[in-house]
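K.L.:
Numbered per this note's numbering, the sequence shown spans residues 1 to 484. Yeah, the Cβ is synthetic: ideal placement off N, Cα and C, and Gly gets one too.
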Amino acid sequence: MSASQPVIYWFRQDLRLSDLPALKAAAASGCPVIPCFFIDDETPGEWAPGGASRWWLHHSLVALGKEISQKGGRLVVRRGDSRKLLAEVVEETGAQAVYCSEAYEPWNRELQRVLSADLEQANARLHCHEGSLLFHPDAIRNKAGQPFKVFTPYWRHCRELGIAAPGGRQQLSRGRFHQHRLQGLKPAEWGLLPESPNWADGWLDHWTPGAKGARASLNRFTKGALDGYSEGRDFPALNGSSRLSPHLHWGELSPRQACAAILDADSAGDSDQQKFIAEIGWREFNYHLLYHHPHIPERPFKPRFEQLPWADSQARLGHWQQGKTGYPIVDAGMRELWHTGFMHNRVRMVCASFLTKHLLLPWQWGARWFWDTLVDADLANNSCGWQWVAGCGADAAPYFRIFNPVLQGKRFDAGGDYIRRWVPELGALPDRYLHAPWEAPADTLAEAGITLGDHYPEPMVDHREARAAALEAYDVLPSGDDSG
């Protein structure tokens, strides 16, 4: 390969310039680098990024473009089928190599296979490097040589292997990018932002997409909420979680960078550090499962759960989506999601349990809603998380575990700060009735200016009755192999 010929760097879910093995390899080729990104809704089909993810992607690409511009380059953004667009860019530039980070979703794995063959026909090569995970999903096996199905032994094995340190930040010197004349779309032409209505208005008050924002978030976390994280992460009214998940999903921050910063932090105890590292491990485990069981976004890991008699009610789904279930902790979570593109992890479990076990609606419906509304929507995490709550996933919560939303609210939002923020119509209720407004005496409700069914909904279901119905539904499942 001639040093005068350019190489293509194809950005995917790795929107950063640091600790990026594929970009480092592209630079090491000695050839000028042309950076590209393709907005591709065709290849993933029904799993194209949802609305909230597209909002994040827009701002992340703008930030990446600025970073590349500061190094003398220009990011080319085009929209369409990745396979076709990549072939066009290779033909237009005469590039003989394309570098990218490996991606692990089913369609991405197939795309990598097809592109490798396409480029070979064009006398070019596709170089895929690891870069989005700590461990390749196919590299971790149990003693029998099989993929793991339980998190604890999986993560124990990973920790024994050790977590690699991140690479350096400055991987491309100024002038390494090619001074090309390729045509690309301007940000206004990307079609990623909501317009009518602009439901993301105000989201930039909550988030700073891009690698610079990721570094700032990581720095804030290590100097703040990491101290006490192992306990504080469960309380939604506290600033106790890292909020790094969207940065990790879009690759603005690598898991190696996150782990290194956490382990180097002197502001927290070992239990807090190890708890966060284990959360990174859970993300790794979910990708491990998706890689070896690519059906899990649509079908349960445990086959017998395909016969579970789910209900079919779009009306009930709509009440849940809008945060109008009559259970304050559930409604607070669903409204936080709509207004910020995020939901606290503890509340995610409560809301998911309510949909699948109180309303007996399919977990796939909830997963689809989260896919469209979460800025950190991630196929592996989202699918496995929903299956965990529903009881049909690998290493899942027992199917008979049914979160009581009233008790969850009292335990993790005892003072009601989280509920009062997102369900302000209940703000004047005393704490003792805040988590179950239907138990409040009529005069207390009147004093608070609340009429149930008018200002705030009556509960959709009775917890005890819903729990009994869920257990009855789960009990009819046939016994059988849950090996996935």
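1) I need the DSSP call for V350, collapsed to helix, strand or coil.
2) I'd like the list of long-range same chain contacts for H455, defined as Cβ closer than 6 Å, with 5 residues on each side in sequence excluded.
3) Do you know how far the Cα of T356 is from the Cα of S116?
4) Measure the CB-CB distance between C31 and V76 and report whether it falls below 9 Å.
5) For L192, which of helix, strand or coil comes out of DSSP?
6) Span of the beta strand (DSSP E) holding H59?
7) With a CB to CB cut of under 6 Å and the five nearest residues on each side skipped, what residues in its chain are close to R335?
8) With a threshold of 6 Å on Cβ separation, who are the neighbours of A466 within its own chain once the five nearest residues in sequence on each side are excluded?
9) Ignore the nearest five residues each way along the sequence and tell me which others in R387's own chain have a CB closer than 7 Å to its CB.
10) DSSP on P35, reduced to helix/strand/coil?
11) Mind reading off the beta-carbon distance from A469 to L360? Whole number of angstroms is fine, and I expect it under 8 Å.
12) Can you tell me where the beta strand (DSSP E) with Y327 in it begins and where it stops?
13) The alpha helix (DSSP H) spanning V90 covers which residue range?
14) Is DSSP giving I402 helix, strand or coil here?
15) Leaving out five residues on either side along the sequence, give the residues of the same chain with a beta carbon under 8 Å from the beta carbon of Q257.
16) For L263 and S271, what's the separation of their Cα atoms in angstroms?
17) At the level of alpha carbons, what is the spacing between Q170 and Q70?
18) Using 10 angstroms around the beta-carbon of P398, count the other beta-carbons present and answer buried if the total reaches 16, otherwise exposed.
19) Which of the three DSSP states, helix, strand or coil, is assigned to I262?
20) First and last residue of the beta strand (DSSP E) that includes W203?
21) Touch check for the segment 40-49 and the segment 148-166: three-plus C-beta pairs under 8 Å?
22) So if DSSP puts R78 in a beta bridge, which residue, or which two residues, is it bridged to?
23) Assuming contact is defined by CB atoms lying nearer than 9 Å, are F403 and M349 in contact in what I supplied?
24) Following the continuous alpha helix (DSSP H) through F221, name the residue where it begins and the one where it ends.
25) For the 8 Å Cβ check, are there 3 or more pairs between the segment 308-323 and the segment 193-204?
26) Which value, in whole angstroms, describes the spacing of the CA atoms of L253 and A211?
27) Between the alpha carbons of E284 and Q273, how many angstroms are there, rounded?
28) Give me, in chain order, the residues of the same chain whose beta-carbon lies closer than 7 Å to that of A390; leave out the 5 immediate sequence neighbours on both sides.
29) Pull up the distance between the alpha-carbon of G326 and that of W56, whole angstroms please.
30) For Y9, which of helix, strand or coil comes out of DSSP?
31) To which residues of the same chain is W320 closer than 6 Å at the C-beta, ignoring the five residues directly before and after it?
32) Which of the three DSSP states is assigned to Y104 in this structure?
33) Tell me which same chain residues have a C-beta within less than 6 Å of the C-beta of P106, skipping the five on either side of it?
34) With a threshold of 6 Å on Cβ separation, who are the neighbours of G65 within its own chain once the five nearest residues in sequence on each side are excluded?
35) Please give me, in chain order, every unbroken run of the alpha helix (DSSP H) with length at least 4 that falls completely inside the segment 266-328.
36) Are the Cβ atoms of P137 and H249 separated by less than 9 Å?
P.N.:
Let me lay it out:
1) The answer is helix: DSSP assigns V350 an H, G or I state.
2) Counting only Cβ-Cβ distances below 6 Å, and skipping sequence neighbours, we find E425.
3) Cα to Cα, the separation comes out at about 41 Å.
4) Cβ atoms of C31 and V76: not closer than 9 Å.
5) DSSP, read as helix, strand or coil, puts L192 in coil.
6) Run containing H59: none in the beta strand (DSSP E); it sits in the alpha helix (DSSP H), G51 to Q70.
7) Around R335: G323 and W422.
8) Here the set comprises H358.
9) Sequence check: residue 387 is Gln here, not Arg. Apart from the 5 residues on each side of it in sequence, Q387 sits with its Cβ closer than 7 Å to the Cβ of I296, P300, F301, W363, G393 and A396 in its chain, given in chain order.
10) DSSP places P35 in strand when its eight states are reduced to three.
11) Sure, about 7 Å apart at Cβ, within 8 Å.
12) No beta strand (DSSP E) holds Y327; DSSP gives it neither H nor E.
13) That run of the alpha helix (DSSP H) goes S82 to T93.
14) Coil at I402, not helix or strand.
15) Correct list, in chain order: S18, D19, P166 and L218.
16) Spanning the two alpha carbons is a distance of roughly 11 Å.
17) In this prediction, Q170 has a pLDDT of 48, which is less than 50 and means its spatial position is unreliable; what the coordinates show is noted afterwards. Distance from the CA of Q170 to the CA of Q70, rounded to the nearest whole angstrom, comes to 12 Å.
18) P398 should be labelled exposed.
19) Three-state DSSP puts I262 in a helix.
20) Counting along the chain, no beta strand (DSSP E) covers W203, and no H or E run does either.
21) The segment 40-49 makes no contact with the segment 148-166: fewer than 3 CB pairs, one atom from each, lie closer than 8 Å.
22) Residue pairing for R78: DSSP places it in a beta bridge opposite F38.
23) Using a Cβ distance threshold of 9 Å, F403 and M349 count as a contacting pair.
24) Segment A211 to K223, the alpha helix (DSSP H) holding F221.
25) Segment contact: the segment 308-323 against the segment 193-204, fewer than three CB-CB distances shorter than 8 Å; contact not assigned.
26) Cα atoms of L253 and A211: separation of roughly 6 Å, rounded to the nearest angstrom.
27) Those two C-alpha atoms are separated by around 17 Å.
28) In its chain, beyond the 5 residues on either side, T356 and W363 have a beta carbon closer than 7 Å to the beta carbon of A390.
29) Across the structure, G326 and W56 are spaced so that their CA atoms are roughly 31 Å apart.
30) Taken through DSSP and simplified to helix, strand or coil, Y9 comes out as strand.
31) Taken in chain order, the residues that qualify are L355.
32) Correct three-state label for Y104: coil.
33) If we look at P106 and ignore the five residues flanking it on each side, its Cβ neighbours are P294.
34) Setting aside the 5 residues that flank it on each side, G65 is surrounded in the same chain by L75, each with a C-beta closer than 6 Å to its C-beta; the list follows chain order.
35) Listed in chain order, they are 270-292 and 314-321.
36) It is not a contact, given that the beta carbons lie outside the stated cut-off.
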